[in-house]
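For the sequence shown, UniProt numbering assigns the number 1 to the initial residue and increments by one for each residue that follows. Every residue gets a Cβ at the ideal spot worked out from N, C-alpha and C, and that includes glycine. Worksheet: the structure to be examined is printed underneath.
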Amino acid sequence: MSLLKHTNRLVKRWMKHPRHVVVNTLDGKDGKTGHFVRVLMVQEYPPEIIAGYLDHLDGIVSDAGATLRKTIRYAKSDIKFNTRMKYKLNRLTASIQDQSETDPARNAEIAAKETILALRDSTLSNDHKLVEVQTFLTLSAPKLHQIEAAEAGLKLWFDNMSGKLNELKREQSEAMRQTGPASDPYAAHSEFFNITHYGRVTTDSVAARTYPMTRGSFSDNEGPYFGRRTEDGGFCFVNICDPDDPRAQNVTVFGKTGEGKSYFLKALVVSLLEEGVHVFVFDLDGEWLDLCKYVGGVYIDHTTEEGRYFEPLTIMPAITEIDEECARYNRSRYKMAEMGGLRTFSLLGENLTRPEIFEVGEAIRRD
């Protein structure tokens with residue numbers, strides 16, 4: 001009964017879904033206004049890769065008039081090195097040793113042997129984790145011929161690099177779900193997809209060649225959603241607004257120019273404001289001025305008369321006044337530090353009582 005059920009599902013999806021998905025970009029009704037979207041999957045990786053190796057593909061796709069989104073998904077592997085794996089390793093070793101000029105070893109056998117050896121070494125040393133890496137390339141273009149040209153360019157690049165792409169024919173809808181932020185690899189449809197289109201099992205140190213950070217450190221029970229943990233694909237929540245948290249958690253955003261660091265931080269700030277959280281942003285170059293005005297915030301200029309910027313919550317020691325310029329600089333710095341401190345305490349002391357405000361003022365005056 002189960003076999004018949006899966007067979008009917010396979011035939012239904014084979015006849016229904018073409019090699020691409022049309023995503024309507026305007027009102028969701030007129031199919032002529034939609035973009036063509038196609039998902040490809042890396043089936044065989046190049047022999048040697050480094051972090052950021054997929055960046056070479058952006059130029060190939062953009063030259064064809066399309067856009068590219070790269071999704072690298074990691075999942076914890078349940079493979080264990082046991083007697084069965086040991087026998088399989090012996091068979092692969094014997095098969096590879098029997099190769100000749102007329103019958104060379106297959107790349108799949110060599111890759112399988114390397115994976116089993118890595119599995120054995122990680123089991124013995126117990127200092128590595130096994131992860132399954134799946135890489136999806138999502139193409140989008142307003143015209144069908146553009147997406148065809150982009151796919152042809154990607155296939156040629158991977159062929160030149162001794163790699164291979166999986167076109168995922170007739171499974172584009174499921175492939176789109178696999179690249180979604182809330183995809184679940186253990187759902188019924190996902191299990192069927194992953195059995196047919198599995199990833200590459202390797203250690204976390206090797207997986208770091210595809211993305212520099214593959215091991216997560218923590219996740220809270222509540223707080224803003226920060227994405228999926230690279231290590232195992234789990235949801236990651238970071239409670240950055242808990243004043244009683246002794247860890248005093250911080251978030252550091254890495255990325256190259258144009259990858260969306262500022263966009264992510266501004267989206268995070270707007271989300272926190274929508275939740276009623278008071279947000280303080282120390283802006284060094286006026287980048288946040290427009291957003292501050294848009295959300296109705298208060299923008300305070302902390303630059304001195306000389307144009308230098310000082311951290312408003314840090315009072316640096318005075319420099320030696322060897323001449324009048326140094327003395328003038330000290331006075332200007334102290335004045336800005338005093339004004340910044342008063343402004344900051346006034347913003348933070350919104351719900352303070354009058355006696356508490358008086359005590360704060362006396363403490364500032366004594367310092």
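In whole angstroms, give me the CA-to-CA distance for T252 and G180.
Cα-Cα distance, rounded: 24 Å.
Name the one or two DSSP bridge partners that H197 has.
Answer is none; H197 lacks a bridge partner.
Since V37 contacts G153 with CB under 8 Å, what's their CB separation in whole angstroms?
Not confirmed; about 17 Å, so no contact.
With C-beta atoms as the reference, is R200 less than 8 Å away from Y45?
yes
Please name the residue, chosen from A66, I240, V42 and M336, that lies closest to Q146 on a Cα-to-Cα basis.
Each of A66, I240, V42 and M336 was checked against the Cα of Q146, and the nearest Cα belongs to A66.
Using the three-state DSSP reduction, which class does Y299 fall into: helix, strand or coil?
coil
Which of the three DSSP states, helix, strand or coil, is assigned to Y53?
helix
What number of angstroms, rounded off, separates the C-alpha of S198 from the C-alpha of V238?
One point to set straight first is that residue 198 is Tyr, not Ser, in the sequence displayed. Whole-angstrom Cα-Cα distance: 31 Å.
Per DSSP, what kind of secondary structure is C292 in: helix, strand or coil?
helix
Considering Q134, what are the terminal residues of the alpha helix (DSSP H) in which it resides?
From DSSP, Q134 is part of no alpha helix (DSSP H) but of the beta strand (DSSP E) over L130 to A141.
For the beta strand (DSSP E) holding L68, just list the boundary residues, first then last.
T67 to K76
Take D58 and list the residues in its own chain whose beta-carbon comes closer than 7 Å to its own, dropping the five residues that flank it on each side.
These residues qualify, in order along the chain: L68.
Between the beta-carbon of residue 372 and the beta-carbon of L165, is there less than 8 Å?
Nothing in the structure corresponds to residue 372, since the chain is present only between 1 and 367.
Using the C-alpha atoms, what's the distance from T71 back to V133?
10 Å
Kindly indicate the opening and closing residues of the alpha helix (DSSP H) around E151.
L144 to N160
Which residues does DSSP pair with T202 in a beta bridge?
V131
Consult DSSP for Y87 and reduce its assignment to one of helix, strand or coil.
helix
Would you mind reading off the limits of the beta strand (DSSP E) that contains L40?
Run containing L40: G34 to E44, per the beta strand (DSSP E) assignment.
Near E222, which residues of its chain fall below 7 Å by C-beta distance, leaving aside the five closest residues on each side in sequence?
F237 and N239
With 16 as the cutoff for other CB atoms within 10 Å, does E171 come out buried or exposed?
Flag for E171 reads buried.
Helix, strand or coil for T214, going by three-state DSSP, please let me know.
Low confidence applies to T214: its pLDDT is 49, below 50, so where it sits in the model is not reliable, and the reading given next is rough at best. Residue state, collapsed to three classes: coil.
Select from C292, A207 and G258 the residue whose C-alpha is nearest the C-alpha of T115.
Out of C292, A207 and G258, the CA that lies nearest to the CA of T115 is found in A207.
Grab me the residues of V277's own chain with a C-beta within less than 7 Å of its C-beta, minus the 5 sequence neighbours each way, in chain order.
C241
Is the CB-CB distance between L273 and V295 below 8 Å?
Taking 8 Å as the Cβ cut-off, L273 and V295 qualify as a contacting pair.
Can you grab the Cα-Cα spacing for the pair P224 / T320, in whole Å?
Roughly 46 Å between the two C-alpha positions.
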